[in-house]
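Residues in the sequence shown are numbered from 14 upward in steps of one, following our numbering. Even glycine gets a Cβ: it sits at the ideal position worked out from N, Cα and C. Model, not experiment: these values are computed from the prediction.
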Amino acid sequence: KEMHVGHLRSTIIGDTLSRVLEFRGHDVVRLNHVGDWGTQFGMLISYLRDHLPEALEEGGEVDLGDLVLLYKKAKIRFDEDDEFKARSREAVVALQGGDGDSLRA
């Protein structure tokens with residue numbers, strides 16, 4: 014899915030509540046969880062490794078608009094290819110574990 018204002022709804026509500034509570038004298042710790050994008054990032058990293066590895070090298074670039082197209086292609090492959098699905102999930106684990114190559118991707 015493309016990003017839209019609905020994705021920010023809970024963030025806006027939380028910010029509003031934080032401001033009210035701070036105004037009333039409460040100490041507020043602001044934490045924001047934007048959701049589980051792990052699988053999407055894993056799919057995109059795996060797809061880039063397979064089809065556009067130069068984008069993952071130092072100095073490599075991909076336009077933001079291209080990422081949407083690449084993600085759509087990665088999603089199709091994820092749904093059709095069990096091996097790609099497994100590699101995408103492994104990429105998520107590596108990314109969340111702080112793997113340097115995954116973080117640079």
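Pairwise C-alpha distance: residue j and residue i
| i | j | result |
| --- | --- | --- |
| A118 | F91 | 18 Å |
| Q109 | Q53 | 13 Å |
| P66 | H39 | 50 Å |
| V41 | G51 | 28 Å |
| K88 | A107 | 19 Å |
| D72 | R37 | The question names Asp, but residue 72 is Gly in the sequence shown. The alpha-carbon atoms of G72 and R37 are separated by roughly 49 Å. |
| I25 | E93 | 37 Å |
| K98 | L77 | 23 Å |
| G19 | N45 | 15 Å |
| V105 | K85 | 18 Å |
C-beta contact flag for residue i and residue j at 9 Å
| i | j | result |
| --- | --- | --- |
| L83 | L116 | no |
| G69 | D112 | Note that residue 69 is Leu in the sequence shown here, rather than Gly. Cβ distance not < 9 Å, so L69 and D112 don't count as in contact. |
| S59 | S101 | yes |
| D63 | R43 | no |
| G55 | E103 | yes |
| L61 | V75 | yes |
Range covered by the alpha helix (DSSP H) that runs through residue i
| i | result |
| --- | --- |
| H64 | 51-64 |
| D114 | 113-117 |
| G27 | 22-36 |
| G78 | 77-93 |
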